[in-house]
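**Student:**
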Amino acid sequence: MSDPDQKELNERTERALGRFVIRFSSLLGALETSTVHMFGLGPDGTRTLLIEAALSERTAAPIAASFFSVFYKKWEGMITDEDSEILKSLRREIDALIKVRNRLMHDSWMSRAAGGDVGPLPMSRFRVRAHGRGVEYELSEYKPEHLDSLAA
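Now the structure itself:
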């Protein structure tokens with residue numbers, strides 16, 4: 000393995016991570032926009048802007064929670080059992096994606112070398128978790144293809 004091979008793998012990983020971040024941001028934007036539009040204010044730009052301003056400082060989990068809360072209230076009494084199952088599945092998927100995004104964004108990233116392995120080796124996400132029972136270390140490798148699948 001040569002250093003250029005490792006560098007190329009790291010760059011592919013970074014590009015894939017960037018794609019994920021951009022697409023996740025687009026998802027949050029769609030949830031925020033949809034939430035505001037469900038208020039049905041029509042062309043009243045000032046009131047829409049006020050609602051957008053009031054909701055603007057939220058993180059991913061509250062954005063998702065607001066979307067589903069407003070959706071259920073707006074369509075109250077019209078949601079079928081099948082609709083409800085689809086919405087529950089979508090909520091679980093979005094909540095799981097938020098957890099993955101939080102780990103990808105808030106943990107440390109590194110390229111690592113393992114003794115004797117000729118590589119190139121995937122980049123890893125590293126996290127130290129302190130809790131009442133001690134400390135845990137979490138190290139997870141991410142191939143660019145996995146990050147691309149998350150982005151998709």
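With the first letter of the sequence shown counted as 1, position 50 gets the number 49 in my numbering; the numbers rise by one all the way through. For glycine and all other residues, C-beta sits at the position ideal for the given N, C-alpha and C. Quick caveat: nothing in here was measured; it's all calculated off a predicted structure.
1) In whole angstroms, what is the alpha-carbon distance linking GLU144 and GLY28?
2) Going by other Cβ atoms of all chains shown within 10 Å of its Cβ, with 16 needed for buried, is GLU92 buried or exposed?
3) How is the alpha helix (DSSP H) around SER55 delimited, first residue to last?
4) According to DSSP, is GLY133 helix, strand or coil?
5) Reducing DSSP to helix, strand and coil, say where LEU96 ends up.
6) Check whether the Cβ atoms of LEU149 and VAL99 sit closer than 9 Å, and answer yes or no.
7) Does the beta carbon of GLU7 sit closer than 9 Å to a beta carbon anywhere in chain B?
8) What distance in whole Å lies between the Cβ atoms of THR47 and PRO121, which are believed to be in contact at a cut-off of 8 Å?
9) Please work out which residues of its chain come closer than 6 Å, Cβ to Cβ, to ALA129, disregarding the five sequence neighbours upstream and downstream, and give them in chain order.
10) Which residue or residues does DSSP assign as beta-bridge partners of ARG126?
**Tutor:** This is what the structure gives:
1) By one-based count along the sequence shown, residue 144 stands at place 145. By one-based count along the sequence shown, residue 28 stands at place 29. Their backbone Cα atoms lie some 25 Å apart in a straight line.
2) Start at 1 with the first residue of the sequence shown, and residue 92 comes out as number 93. By the neighbour-count rule (16 or more Cβ atoms within 10 Å), GLU92 is not buried but exposed.
3) Start at 1 with the first residue of the sequence shown, and residue 55 comes out as number 56. That residue, SER55, is in no alpha helix (DSSP H); it is neither H nor E in DSSP.
4) For this step, residue 133 is matched to residue 134 along the sequence shown. GLY133: strand per DSSP, three-state reduction.
5) The residue labelled residue 96 in the question sits at position 97 within the sequence shown. Helix at LEU96.
6) In the sequence shown, residue 149 corresponds to position 150, counting from 1. In the sequence shown, residue 99 corresponds to position 100, counting from 1. Cβ distance < 9 Å, so LEU149 and VAL99 count as in contact.
7) Here there is only one protein chain, and chain B is not present.
8) By 1-based counting over the sequence shown, the position of residue 121 is 122. By 1-based counting over the sequence shown, the position of residue 47 is 48. No, PRO121 and THR47 are not in contact; Cβ-Cβ is about 44 Å, not under 8 Å.
9) Locating residue 129 in the sequence shown gives position 130, where the first residue counts as 1. Contacts found: none.
10) Counted from its first residue, the sequence shown places residue 126 at position 127. Beta-bridge pairing links ARG126 to GLU137.
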